[in-house]
Amino acid sequence: MKFLGKIFSRWYIIIGFLIFFYIVFYKIDVSKVLETLSKTNLYLVGLVILLVFSMSLVQPARWNYLKKVQNINYRLKDSFLIYNAGFFFSAITPGHLGDLIKIFYLKKDGHSVGKSLVSVLLDRASDILFLLLVGYVSMYFFAQFFLKYIITITIVGLSVLLFIFIFQRKKFLKIAFQKIILSIIPVKYQKSWHLNYHDFVISIAIYKFKNYFILSLVTIFNWFIYYLSVFLLAKSIGLDNIPFIFLAMSITLATLATLIPISIFGLGTRDASLLFFFSFFGVSPEQTISFSTLYLLMLLITASIGFICWLKKPLRFRS
Numbered sequence: 515m516k517f518l519g520k521i522f523s524r525w526y527i528i529i530g531f532l533i534f535f536y537i538v539f540y541k542i543d544v545s546k547v548l549e550t551l552s553k554t555n556l557y558l559v560g561l562v563i564l565l566v567f568s569m570s571l572v573q574p575a576r577w578n579y580l581k582k583v584q585n586i587n588y589r590l591k592d593s594f595l596i597y598n599a600g601f602f603f604s605a606i607t608p609g610h611l612g613d614l615i616k617i618f619y620l621k622k623d624g625h626s627v628g629k630s631l632v633s634v635l636l637d638r639a640s641d642i643l644f645l646l647l648v649g650y651v652s653m654y655f656f657a658q659f660f661l662k663y664i665i666t667i668t669i670v671g672l673s674v675l676l677f678i679f680i681f682q683r684k685k686f687l688k689i690a691f692q693k694i695i696l697s698i699i700p701v702k703y704q705k706s707w708h709l710n711y712h713d714f715v716i717s718i719a720i721y722k723f724k725n726y727f728i729l730s731l732v733t734i735f736n737w738f739i740y741y742l743s744v745f746l747l748a749k750s751i752g753l754d755n756i757p758f759i760f761l762a763m764s765i766t767l768a769t770l771a772t773l774i775p776i777s778i779f780g781l782g783t784r785d786a787s788l789l790f791f792f793s794f795f796g797v798s799p800e801q802t803i804s805f806s807t808l809y810l811l812m813l814l815i816t817a818s819i820g821f822i823c824w825l826k827k828p829l830r831f832r833s
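Numbering (my numbering), first residue to last: 515 to 833.
This is how it looks when you write it as structure tokens:
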């Protein structure tokens with residue numbers, strides 16, 4: 515557990531909590547939040563819980579498909595347990611870094627780190643890429659605040675594409691890519707990564723256009739379920755003045771904010787982001803925090819599923 519211990523030892527993870535407490539004590543009337551929550555439509559919340567559980571099935575199935583392409587064969591039940599255990603650690607670690615624990619599960623079952631990393635990386639990258647694309651489009655709807663970021667991201671994005679096009683056959687690009695991968699691997703495992711880099715290159719080459727197409731379709735479907743659950747969550751407290759598309763955009767940008775490793779469960783960063791975006795639609799701070807509280811409940815339910823999966827299939831770490 516040294517890897518997770520190092521994450522939790524970082525002082526800056528309390529920044530999100532400080533933001534959250536500032537909002538609670540200085541920006542909202544807690545009694546109004548409690549009043550709003552007391553009127554929550556429990557039927558809609560029940561539907562949200564069903565949708566949350568369906569996502570906890572779709573995501574492991576997507577990961578199981580990626581592993582099968584590499585001829586790493588797991589029963590769907592085992593993939594379900596491992597994936598959701600990984601989500602539990604992802605939820606309680608800053609920047610969702612705990613998600614990498616799935617690599618250790620595969621390594622424990624005899625697969626090299628390089629080979630194990632491929633399916634985990636593609637699974638994670640599909641979600642992040644989706645968020646970045648939707649987030650980039652979303653910024654145009656708040657262009658008066660994000661114009662300089664839109665310009666910067668556009669220039670950087672085009673530069674990266676040009677860089678890849680020019681150097682795609684150069685050894686320099688491979689070295690740079692290897693350094694990027696090494697930056698997300700714990701120091702303890704970097705030596706073994708050098709030994710398994712060849713496995714990674716071979717495994718990533720297995721995937722064809724059809725595989726990426728299927729991955730994209732499942733990812734879009736999963737995020738549609740996610741946005742639908744968020745929409746129903748808003749409806750459950752009478753938050754009807756935000757159109758579905760704008761709610762999805764606001765949630766996407768808020769989710770990207772939670773990737774900044776300064777909080778756990780997105781406390782503070784998500785609340786502050788939603789207060790900003792929802793203000794465009796005249797939503798009161800109390801309604802916003804009520805919604806954010808229910809959203810946190812949705813995360814806690816998913817994390818609870820993950821914790822149960824961890825208990826069913828624990829991973830023992832060497833001390």
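The C-beta atom is built at its ideal place from N, Cα and C for all residues, glycine as well.
Could you name the residues of the same chain whose beta carbon sits closer than 7 Å to that of residue i, not counting the 5 residues immediately before and after it, in chain order?
i, result
"V583", "I720, Y721, N725"
"K622", "L829"
"A575", "L590"
"F534", "L781, G782, D785"
"T769", "L645"
"E800", "I542, D543, K546, V547, T550"
In whole angstroms, give me the CA-to-CA distance for residue i and residue j.
i, j, result
"K616", "T733", "19 Å"
"I803", "R638", "28 Å"
"F779", "A599", "15 Å"
"K827", "S798", "43 Å"
"I716", "F723", "16 Å"
"L580", "K546", "47 Å"
"I759", "H712", "43 Å"
"I765", "L788", "7 Å"
"F594", "Y588", "10 Å"
"N736", "K541", "34 Å"
"L571", "A771", "25 Å"
"I563", "F601", "16 Å"
"Y773", "G752", "The sequence shown places Leu at residue 773, rather than the Tyr named in the question. Roughly 28 Å between the two C-alpha positions."
"S777", "F714", "32 Å"
"P514", "W824", "Any answer about residue 514 is impossible in this case: the structure gives the chain only from 515 up to 833."
Classify residue i as helix, strand or coil using the three-state DSSP reduction.
i, result
"F779", "coil"
"P828", "coil"
"P574", "helix"
"H712", "helix"
"P757", "coil"
"K553", "coil"
"K589", "The identity of residue 589 in the sequence shown is Arg, whereas the question assumes Lys. R589 falls in the coil class under three-state DSSP."
"Q584", "coil"
"S626", "coil"
"Y721", "coil"
"V797", "coil"
Return the chain-ordered list of same chain residues with a C-beta closer than 8 Å to the C-beta of residue i, the five sequence neighbours on each side being excluded.
i, result
"L813", "A605, F779, G780"
Quick one, which of the options has its alpha-carbon nearest residue i's?
i, options, result
"N822", "F603, L532, D785, N555", "Reading off the sequence, residue 822 comes out as Ile, not Asn. It is F603."
"T569", "I819, E549, I718", "The amino acid at residue 569 is misidentified as Thr; the sequence shows Met. Nearest of I819, E549, I718 to M569, Cα basis: I819."
"S630", "S652, I596, V648", "I596"
"L647", "L808, L810, L811, L767", "L767"
"F794", "A817, S777, N755, E800", "N755"
"Y740", "F567, F727, L548", "F567"
"I586", "G560, G624, L614, K553", "G624"
"F727", "L565, Y619, Y557, L636", "L636"
"M653", "F618, T807, L761, D613", "L761"
"G560", "F618, L746, M763, S806", "L746"
To which residues of the same chain is residue i closer than 6 Å at the C-beta, ignoring the five residues directly before and after it?
i, result
"L729", "S640"
"N555", "S750"
"V744", "I765"
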